[in-house]
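As structure tokens, the structure follows; a few thoughts come after it.
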Amino acid sequence: MLKIYNTLSRDKQQFVPIDPQAVRMYVCGMTVYDYCHLGHARVMVVFDMVYRWLKKSGYNVTYVRNITDIDDKIIRRAAQNNESIHVLTQRFIDAMHEDADALGVQRPDHEPRATQYVPEMLQMIAQLEARGLAYLATDGDVNYAVRKFDGYGKLSGKSLEDLRAGERVEVTDNKNDPLDFVLWKHSKEEEAEEVKWESKWGSGRPGWHIECSAMASKLLGEHFDIHGGGADLQFPHHENEIAQSEGAHQCQFVNYWMHNGFVRVDNEKMSKSLGNFFTIREVLKQYDPEVVRFFILRAHYRSPLNYSDAHLDDAKKALDRLYTALKSEEGRGEGRALVDWNEAYAARFKSAMDDDFNTVEALAVLFDLANEVNRSQSAELAAQLKSLGAVLGLLERDPTEFLQGGSVAQGVDEALIAAQIVARNEAKLAKNYAEADRIRKVLLAEGIVLEDSAAGTNWRRL
RNA sequence: GGUGCGUUAGCAAAUCGGUUAUGCCCCGGAUUGCAAAUCCGGUUAGCCCAGUUCGACUCUGGGACGCACCUCCA
Numbered sequence: 021m022l023k024i025y026n027t028l029s030r031d032k033q034q035f036v037p038i039d040p041q042a043v044r045m046y047v048c049g050m051t052v053y054d055y056c057h058l059g060h061a062r063v064m065v066v067f068d069m070v071y072r073w074l075k076k077s078g079y080n081v082t083y084v085r086n087i088t089d090i091d092d093k094i095i096r097r098a099a100q101n102n103e104s105i106h107v108l109t110q111r112f113i114d115a116m117h118e119d120a121d122a123l124g125v126q127r128p129d130h131e132p133r134a135t136q137y138v139p140e141m142l143q144m145i146a147q148l149e150a151r152g153l154a155y156l157a158t159d160g161d162v163n164y165a166v167r168k169f170d171g172y173g174k175l176s177g178k179s180l181e182d183l184r185a186g187e188r189v190e191v192t193d194n195k196n197d198p199l200d201f202v203l204w205k206h207s208k209e210e211e212a213e214e215v216k217w218e219s220k221w222g223s224g225r226p227g228w229h230i231e232c233s234a235m236a237s238k239l240l241g242e243h244f245d246i247h248g249g250g251a252d253l254q255f256p257h258h259e260n261e262i263a264q265s266e267g268a269h270q271c272q273f274v275n276y277w278m279h280n281g282f283v284r285v286d287n288e289k290m291s292k293s294l295g296n297f298f299t300i301r302e303v304l305k306q307y308d309p310e311v312v313r314f315f316i317l318r319a320h321y322r323s324p325l326n327y328s329d330a331h332l333d334d335a336k337k338a339l340d341r342l343y344t345a346l347k348s349e350e351g352r353g354e355g356r357a358l359v360d361w362n363e364a365y366a367a368r369f370k371s372a373m374d375d376d377f378n379t380v381e382a383l384a385v386l387f388d389l390a391n392e393v394n395r396s397q398s399a400e401l402a403a404q405l406k407s408l409g410a411v412l413g414l415l416e417r418d419p420t421e422f423l424q425g426g427s428v429a430q431g432v433d434e435a436l437i438a439a440q441i442v443a444r445n446e447a448k449l450a451k452n453y454a455e456a457d458r459i460r461k462v463l464l465a466e467g468i469v470l471e472d473s474a475a476g477t478n479w480r481r482l
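Here you go:
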């Protein structure tokens, strides 16, 4: 039985879906005005893993990950670039898909864009207004009246008093309460036509939080199973989503809230504002995407994850070990696509995954299994290793291709390597070991490791 | 200031009230022309102080340190 750590209750709970056969899951995606960084990579990979495991567990999963394609930062960036927001956002949506694809992230079932759901948002705001939870402020914005919603703060564990005591709460006169947030922003003269929508409150555009409430209920219903996102979205974003959805629909919004930990650099959160971020495409110039995916899955999704070259190098070596085990059984017996869940390693793997998606433990099982494969030379177990890896979106490539791909794309030409191997084998046959060792050393200096075996000489990149 | 989370061996990172986590690194052995890979074995843990317990890294209390949220952020 699957257990999930629920932010709402702050403990692990038995997962019971609303519909026994199906799971409905929503994850907050990206605001598309720039390239995705490693923090975004973590959300995508983590919830991709969750998505895969739920499907593997037999559920019919509907996974929605939204795209925020209208907001202040987008408008500002488009103005800077002197381009339309549509052109800007489309470019970064395409880039996001490239990055996600590289990391082996499966496409969600729906990727709704905020700009395509404005009518639904307006309808929801009207509902909130009708219930007395929203009001038109003097400046023309429509705000949410936080103190009218019972239980505001239940997700983040904060009371309104605690929040007000915070030093950083901004004071604005057009809000009834400093914690009220914007549902609908009135248009400004200078804004482009493409960021203006008509409404009963006048021309404007949606606030950030309302899009998720509107799109989630449209695509998943008013009450669904799992809602995820980065830990920083807990407050205020997810708190506000609850206020909007439960305020408008008068029913429980989400049963299980999941939040992933941050990627850190030098022990500090990687973020746009700190400027200490690495984009996915930057990192992929240096490391194989599967290494990056493995690196992310190597830490528990709720724990902080420190980024550094040393850690990526370490991850690369660890993944090499798994692929090396697969390579030893390559070609022997066809790898079956299905996992034999009765087998001992698979059973351990499953119980690890069922324990709040403990990929760290699941990977430890894979290493134990790899050791067993090396020892037993069992093609059966190798197939099991491969298929368990595939559950996590790992180990799906040809082992030789992976091992020879190495960490850096460019390097010594393969034909040259082959020629050097031939030359070295000739030297070996002539018992000219000094020459043979010299060739091996030259290649090693280029990051190429030669491995002699009964079947011949293999090579791989460090 | 308020709230929450964390502190595990050289590095990374899990589980667990008593039994080898795991990966990388390091040491010894097997194997190899020598290596590499692999196998066998080994060294290095649980921030500090109390308490509960037959027994605590694991539970409770206190302290120190770190991180995060309270403002846009995955």
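Under the numbering used here, think of the first position of the first sequence as 21, with each following residue one higher. Where is the CB? At the ideal position from N, CA and C, for every residue including glycine.
DSSP beta-bridge partners of residue i
i           : result
residue 130 : 84
residue 50  : 87
residue 246 : 45, 276
residue 164 : 154, 201
residue 225 : 205
residue 285 : 288, 327
residue 25  : 32
residue 361 : None; residue 361 has no bridge partner.
residue 59  : DSSP, once it has assigned bridges, lists no residue as partnering residue 59.
Beta-carbon proximity of residue i to residue j, cut-off 9 Å
i           : j           : result
residue 142 : residue 52  : no
residue 401 : residue 409 : no
residue 250 : residue 59  : yes
residue 384 : residue 405 : no
residue 200 : residue 236 : no
residue 417 : residue 365 : no
Proximal residues to residue i (C-beta, below 6 Å), its chain only, five neighbours per side dropped
i           : result
residue 115 : 55
residue 239 : 84, 130
residue 216 : 207, 223
residue 258 : 175
residue 197 : 166, 167
From the options, residue whose alpha carbon lies closest to that of residue i
i           : options            : result
residue 481 : 384, 275, 341      : 341
residue 223 : 279, 139, 285      : 139
residue 112 : 167, 300, 38, 73   : 300
residue 476 : 283, 455, 438, 25  : 438
residue 84  : 183, 150, 48       : 48
residue 178 : 27, 418, 43, 80    : 27
residue 335 : 444, 345, 317      : 317
residue 44  : 453, 474, 128, 101 : 128
residue 155 : 220, 440, 452, 443 : 220
Beta-carbon separation (whole angstroms), residue i vs residue j, contact threshold 8 Å
i           : j           : result
residue 253 : residue 203 : Between residue 203 and residue 253 the Cβ distance is about 18 Å, and since that is not below 8 Å, they are no contact.
residue 499 : residue 281 : This structure leaves residue 499 out entirely; the chain is present only between 21 and 482.
residue 228 : residue 247 : 16 Å between Cβ atoms; not a contact.
residue 218 : residue 104 : Not really, about 19 Å apart at Cβ, beyond 8 Å.
residue 131 : residue 87  : 6 Å
residue 339 : residue 311 : 6 Å
residue 205 : residue 184 : So it is not a contact: roughly 23 Å between Cβ atoms.
Cβ-based neighbour list, residue i, same chain, cut-off 8 Å, excluding 5 preceding and 5 following
i           : result
residue 397 : 348, 349
residue 34  : 21, 22, 23
residue 242 : 265, 269, 271, 273
residue 263 : 153, 164, 166, 169, 172
residue 137 : 231, 234, 235, 238
Beta-carbon proximity list for residue i, same chain, < 7 Å, skipping 5 on both sides
i           : result
residue 68  : 125, 126, 413
residue 372 : 378, 381, 382, 385
residue 195 : 157, 163
residue 468 : 432, 437, 479, 481
residue 120 : 64
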